[in-house]
Amino acid sequence: MEGVELGRRLFYEGGLSADGDHACGSCHVASAAFTTPNHDLSHGVNSSHTTRNAPALANLAWYRNYFQDGRYNTLESVTMHHLTSPTEMGETAANVVARLQGDSSYRRGFREAYGDANITAGRITDALKQFLLSMVSANSRYDKVQRGEASFTATEQSGYALFQAQCATCHSGPLFSDYSYRNIGLPQDPLLRDAGRMAVTGDRADSLRFRVPSLRNVSLSSYYSHDGRFSAFRLHLRHYQGGVQPGPTLDPLLAGGIPMTAAQEDDLIAFLYTLTDTAYVNNPRYRP
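Note that the working numbering numbers the sequence shown so that position 242 is 789, with each residue one more than the last.
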């Protein structure tokens, strides 16, 4: 068992949490593009929940930083946060290490990955990082069209043209994100009171700004937005048509919303569904 395989096993290990029942894979479910299916907010130990929707996982090797507010620069920091957060896995690094040291199969796994059986918090987060970096989604029908292996339908082609005109400034490139932080005009939830990027930078100009998410596998990853307020992607689209709220940090690209007809909405969704990579979400390398 080498680093990536060890990381895969740890990703699905409930024993990393305080109650022994919450693994990374509990909130990041493969069939839902590694999001939490049918939940607005991710849930943790003791029936707690976070203030964020669990983001999809794919192509993390190309991210500059992590979390929807960009608070961490390394995946090791991200995984340690999830292990120790009281509203997520709720454990201590020392307890996790002790628990794994008591399992002979893990001692063997760490020996195979690192050359000896010494289990440390650093090695745990490193193995998880190796697994997460191995998760590449690049075989959707969109990708096959780009490689000349398939063609769009007329509806999908129309949706692609609309996407290029209206969406690709922010959702750009092969990863469908420019990694910027933007206020898209969502009113702040009065209970969650999530300030977005401002909580990291302390700069009021970053108020209510969140990372532009990748749109790969968006057909599988409901709920939508940083707090999961939209149960269907079509509802999220309609926010841009008539729900954008003005404010001092609103992205200027959205000052007039993104008006579209019902037919254009259908075309755009048809295109976005070509970003679904079933080979990725069904790949046994990424599953329990």
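Even for Gly, the Cβ is constructed at its ideal location relative to N, Cα and C.
Task: the segment 596-604 in contact with the segment 567-580 per 3-pair CB rule at 8 angstroms - done: yes
Task: Residues near residue 689 by beta carbon distance below 7 angstroms, same chain, minus five either side - done: Here residue 689 refers to the residue found at position 142 of the sequence shown. If we look at residue 689 and ignore the five residues flanking it on each side, its Cβ neighbours are 821, 822.
TODO: Would you grab the beta carbon distance between residue 522 and residue 750 for me? Rounded to a whole angstrom, and I think it's under 8 angstroms.
DONE: With the chain covering 548 to 835 only, the question about residue 522 has no answer from this structure.
Task: Three-state secondary structure assigned by DSSP to residue 680 - done: In the sequence shown, residue 680 corresponds to position 133, counting from 1. Helix at residue 680.
Task: Test item: CB-CB of residue 593 and residue 637 under 8 angstroms - done: As a first step, residue 593 must be located in the sequence shown, where it is residue number 46. As a first step, residue 637 must be located in the sequence shown, where it is residue number 90. Against a cut-off of 8 angstroms, the Cβ pair of residue 637 and residue 593 comes out as a contact.
- [ ] Spell out a yes or no on whether the segment 778-787 and the segment 670-686 are touching, meaning 3 or more CB-CB pairs, one atom from each, closer than 8 angstroms.
- [x] Per the Cβ contact rule, the segment 778-787 is not in contact with the segment 670-686 (fewer than 3 Cβ pairs under 8 angstroms).
- [ ] Would you mind sorting residue 711 into buried or exposed? The rule is 16 or more other CB atoms within 10 Å of its CB.
- [x] What you label residue 711 is simply residue 164 of the sequence shown in a count that begins at 1. By the neighbour-count rule (16 or more Cβ atoms within 10 Å), residue 711 is not buried but exposed.
Open item on the list: Only counting the same chain, and skipping five residues up and downstream in sequence, which positions put a Cβ closer than 6 angstroms to that of residue 557?
Closed with: Reading the sequence shown from its first residue, position 10 is the one you call residue 557. Counting only Cβ-Cβ distances below 6 angstroms, and skipping sequence neighbours, we find 674, 675.
TODO: Could you pull out every unbroken beta strand (DSSP E) segment of at least 3 residues lying fully inside the segment 676-738, listed in chain order?
DONE: none
Open item on the list: Less than 8 angstroms between the C-beta atoms of residue 758 and residue 726, yes or no?
Closed with: Your numbering for residue 758 matches position 211 in the sequence shown. Your numbering for residue 726 matches position 179 in the sequence shown. Going by C-beta atoms, residue 758 is nearer than 8 angstroms to residue 726.
TODO: Measure the Cβ-Cβ separation of residue 568 and residue 775 and say whether it is below 8 angstroms.
DONE: Reading the sequence shown from its first residue, position 21 is the one you call residue 568. Reading the sequence shown from its first residue, position 228 is the one you call residue 775. Cβ distance not < 8 angstroms, so residue 568 and residue 775 don't count as in contact.
TODO: On a CA-only basis, which of 786, 788, 682 is nearest residue 829? Give me that one, please.
DONE: Taking the first residue of the sequence shown as 1, we reach residue 829 at position 282. Per the Cα distances, 682.
Open item on the list: Let me confirm a value: residue 760 is counted as buried when at least 16 other C-beta atoms fall within 10 Å, else exposed. Which label applies?
Closed with: Against the sequence shown, residue 760 aligns to sequence position 213. Burial call: buried.
- [ ] Run the CB neighbour count on residue 670, radius 10 Å, all protein chains shown included, and call it buried at 16 or more, exposed below.
- [x] Here residue 670 refers to the residue found at position 123 of the sequence shown. With 16 or more other Cβ atoms within 10 Å, it is buried.
TODO: Helix, strand or coil for residue 763, going by three-state DSSP, please let me know.
DONE: Sequence index remark: in the sequence shown, residue 763 carries index 216 (1-based). Three-state DSSP puts residue 763 in coil, outside helix and strand.
Task: Sufficient close CB pairs (3 or more, under 8 angstroms) joining the segment 697-715 to the segment 656-664 - done: When Cβ pairs closer than 8 angstroms are counted between the two stretches, the segment 697-715 is seen not to touch the segment 656-664, the count staying below three.
Task: Spatial neighbours of residue 635 in its chain, beta-carbon cut-off 6 angstroms, leaving aside the 5 residues before and after - done: Counting from 1 along the sequence shown, the entry for residue 635 is found at position 88. Cβ within range, chain order: 591, 629.
- [ ] Indicate whether residue 777 and residue 787 have their beta-carbon atoms separated by less than 8 angstroms.
- [x] Here residue 777 refers to the residue found at position 230 of the sequence shown. Here residue 787 refers to the residue found at position 240 of the sequence shown. Not closer than 8 angstroms, so no.
TODO: Inspect the beta-carbon positions of residue 684 and residue 692 and report whether they are closer than 8 angstroms.
DONE: Walking along the sequence shown from the start, residue 684 turns up at place 137. Walking along the sequence shown from the start, residue 692 turns up at place 145. Cβ atoms of residue 684 and residue 692: not closer than 8 angstroms.
Task: Burial state of residue 672 (16 or more Cβ within 10 Å) - done: For the purposes of this step, residue 672 is taken as the residue at position 125 of the sequence shown. Buried: at least 16 other Cβ atoms inside 10 Å.
Task: Three-state secondary structure (DSSP) of residue 575 - done: Sequence index remark: in the sequence shown, residue 575 carries index 28 (1-based). Residue 575 falls in the coil class under three-state DSSP.
- [ ] Could you please give me the residues that DSSP links to residue 614 through a beta bridge?
- [x] Along the sequence shown, read from residue 1 onward, the residue named residue 614 stands at position 67. DSSP lists no partner for residue 614.
Task: Among 765, 812, 793, the one whose alpha carbon lies nearest that of residue 687 - done: Counting from 1 along the sequence shown, the entry for residue 687 is found at position 140. Out of 765, 812, 793, 765 has the C-alpha closest to the C-alpha of residue 687.
Task: Per-residue DSSP class, three states only, for residue 558 - done: Position 11 of the sequence shown, counted from the first residue, corresponds to residue 558. Helix, per DSSP.
Open item on the list: To the nearest angstrom, how far is the alpha carbon of residue 731 from that of residue 615?
Closed with: Counted from its first residue, the sequence shown places residue 731 at position 184. Counted from its first residue, the sequence shown places residue 615 at position 68. Distance between the alpha carbons of residue 731 and residue 615: 13 angstroms.
Task: Alpha carbon of residue 716 to alpha carbon of residue 734, nearest angstrom - done: Start at 1 with the first residue of the sequence shown, and residue 716 comes out as number 169. Start at 1 with the first residue of the sequence shown, and residue 734 comes out as number 187. Cα-Cα distance, rounded: 23 angstroms.
TODO: Starting from residue 811, follow the alpha helix (DSSP H) in both directions and report where the run begins and ends.
DONE: As a position in the sequence shown, residue 811 is number 264, starting the count at 1. Note, residue 811: alpha helix (DSSP H), 809-819.
Open item on the list: Between the alpha carbons of residue 702 and residue 560, how many angstroms are there, rounded?
Closed with: Taking the first residue of the sequence shown as 1, we reach residue 702 at position 155. Taking the first residue of the sequence shown as 1, we reach residue 560 at position 13. Approximately 43 angstroms, taken between the alpha carbons.
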